[in-house]
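Have a look at the structure below before the remarks.
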Amino acid sequence: MEKFANKSQKKRSCVCGVFTRAPRIKLDTDGRMQNEEDEEAELEVLAEFSHPVPWQKIEAQGLDLDYALLFSKEEADALFKQLEEEVMYSTGEEAKVQVFGKLHNIPRRQATYGDAGLRYTYSGRTHLACTWTPTLEYIRDAVTNATGHTFNFVLINRYRDGEDHIGEHRDDEKELDPVCPIASVSLGAARDFVLRHRDARGKRGARRLEPVKLQLAHGSLLLMNPPTNTFWYHSLPVRKKVRLPRINLTFRRILLISRGEEPANVWSL
DNA sequence: TCGTAATCAGGTGT
DNA sequence: GACACCTGATTACG
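What follows is the structure in structure tokens.
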């Protein structure tokens with residue numbers, strides 16, 4: 001079993017940036033900067049993001065994860081507070097899910113943000129992405145600079161306390177770019193995160209593979225690299241002792257449609 | 001036809 | 001008793 005505590009972390013140079021301005025770095029699909037109108041400011045932000053992140057590698061059969069503390073406590077606190085003010089969560093029918101023919105209120109709150117016009121389908125429901133907020137852009141760019149990957153969509157889950165949870169599932173939607181990892185940023189209460197191999201699930205699990213358990217700390221980043229989501233289910237189980245909220249942001253790259261193709265679930269306007 | 005399901009509820013072990 | 005963990009449900013859909 002893997003377990004990580006909220007260890008000491010290298011402090012970033014400019015915690016205040018998140019309060020005062022939107023991120024200025026815009027990256028194209030190759031991760032290069034596009035807008036050079038405020039070059040000096042961009043260099044400043046790039047320097048802010050360029051501190052090496054101390055990654056920890058977690059591997060098993062078909063499992064490939066990278067874990068790091070991306071934000072200092074102070075910055076993570078500020079980001080959490082900003083998101084509490086900015087993010088608009090789904091309500092009504094959008095906050096329900098049908099499983100085994102029964103309609104349930106999902107045991108958490110969800111929101112979807114991303115590039116204009118992006119839609120994403122999961123649990124049988126299609127969600128239209130809201131436009132990026134400044135804080136989400138800041139976090140997205142920090143993740144991009146730490147990982148070298150660009151993202152056009154983020155699914156936000158807010159867990160009010162340890163009663164809120166998410167069951168075992170895979171993020172294996174067809175519209176996800178298969179070569180791009182899913183980047184999961186955690187803010188707020190630390191929660192256990194459990195991964196289980198698809199062949200080790202159920203009463204008659206075909207293989208004896210121990211589940212992998214992590215604790216996702218405030219300000220942490222977990223990268224789920226391919227082919228992890230093909231073979232491993234993940235969940236955030238109930239933890240009744242947890243009293244505080246947690247916000248989780250999973251950054252994804254959704255494939256855009258090329259001319260003439262018409263996947264049912266995703267399109268860009 | 002078959003596998004899967006971002007769920008809950010209930011049983012069991014610690 | 002509280003909690004963690006596991007299993008079954010039995011329907012809709014691709």
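For the first sequence, position 95 matches number 95 in UniProt numbering, and the numbering has no gaps at all. Virtual Cβ for every residue (Gly too), placed ideally from N, Cα, C.
Closest residue to residue i among the options (Cα-Cα distance)
| i | options | result |
| --- | --- | --- |
| V212 | R201, G219, H218 and S220 | R201 |
| F71 | A95, A111, Y138 and E59 | Y138 |
| residue 272 | I247, Y233, P227 and D192 | The chain is shown only over 1 to 269; residue 272 falls outside these bounds and no answer can be derived. |
| E59 | L103, R253, L214 and Q98 | L214 |
| L244 | A146, V179, H165 and A129 | H165 |
| G167 | S235, E175, S184 and A116 | S235 |
| P227 | R198, V242, P178 and A217 | P178 |
| V185 | L176, P107 and T135 | T135 |
| T126 | L187, E175, L195 and V242 | E175 |
| L187 | R158, K102, V242 and T131 | R158 |
| T131 | N145, T144, E173 and A116 | A116 |
| V242 | A217, E85 and N229 | A217 |
| E173 | R198, T150, N229 and V194 | N229 |
| A183 | L118, V194 and L221 | L221 |
Straight-line gap, residue i to residue j (C-alpha atoms, nearest Å)
| i | j | result |
| --- | --- | --- |
| V53 | L223 | 13 Å |
| W55 | L255 | 27 Å |
| L65 | S90 | 29 Å |
| F62 | A189 | The displayed chain sequence assigns Gly, not Phe, to residue 62. G62 and A189: Cα-Cα distance of roughly 29 Å. |
| G219 | G148 | 19 Å |
| P181 | N225 | 4 Å |
| Y67 | W232 | 16 Å |
| D161 | P237 | 11 Å |
| L81 | E75 | Residue identity differs from the one stated: residue 81 is Lys in this sequence, not Leu. Rounded to whole angstroms, K81 to E75 spans 10 Å at the Cα level. |
| G101 | Y120 | 22 Å |
| residue 270 | L79 | Beyond the ends of the chain as shown, which are 1 and 269, falls residue 270; an answer cannot be given. |
| E163 | L69 | 25 Å |
| D199 | E210 | 11 Å |
| residue 318 | E84 | Nothing about residue 318 can be read from this structure; the chain reaches only from 1 to 269. |
| H197 | T133 | 35 Å |
| D171 | L195 | 12 Å |
| W267 | L118 | Bear in mind that a pLDDT of 28 at W267, under 50, signals an unreliable position, so the model cannot answer this. |
| G31 | P107 | Any answer about G31 is weak, because its pLDDT of 29 lies below 50 and its placement is not dependable; what the coordinates show is given next. Approximately 36 Å, taken between the alpha carbons. |
| K73 | T150 | 24 Å |
Local Cβ density within 10 Å of residue i, reported as buried at 16 or more and exposed below that
| i | result |
| --- | --- |
| D141 | buried |
| K26 | The predicted model places K26 with a pLDDT of 32, which falls under 50 and marks its position as unreliable; any figure quoted below should be read in that light. Flag for K26 reads exposed. |
| R253 | buried |
| L128 | exposed |
| H169 | exposed |
| N145 | buried |
| V143 | buried |
| L103 | exposed |
| V99 | exposed |
| N35 | Because the pLDDT at N35 is just 40, under 50, the model does not fix this residue reliably, and the point stays unresolved. |
task: Count the C-beta pairs between the region 149 to 159 and the region 108 to 125 that are closer than 8 Å, then say yes if the count reaches three, no if not.
output: The region 149 to 159 makes contact with the region 108 to 125: 3 or more CB pairs, one atom from each, lie closer than 8 Å.
- request: Give a yes or no on contact between the region 245 to 252 and the region 92 to 104, applying the rule of three or more CB pairs nearer than 8 Å.
  value: no
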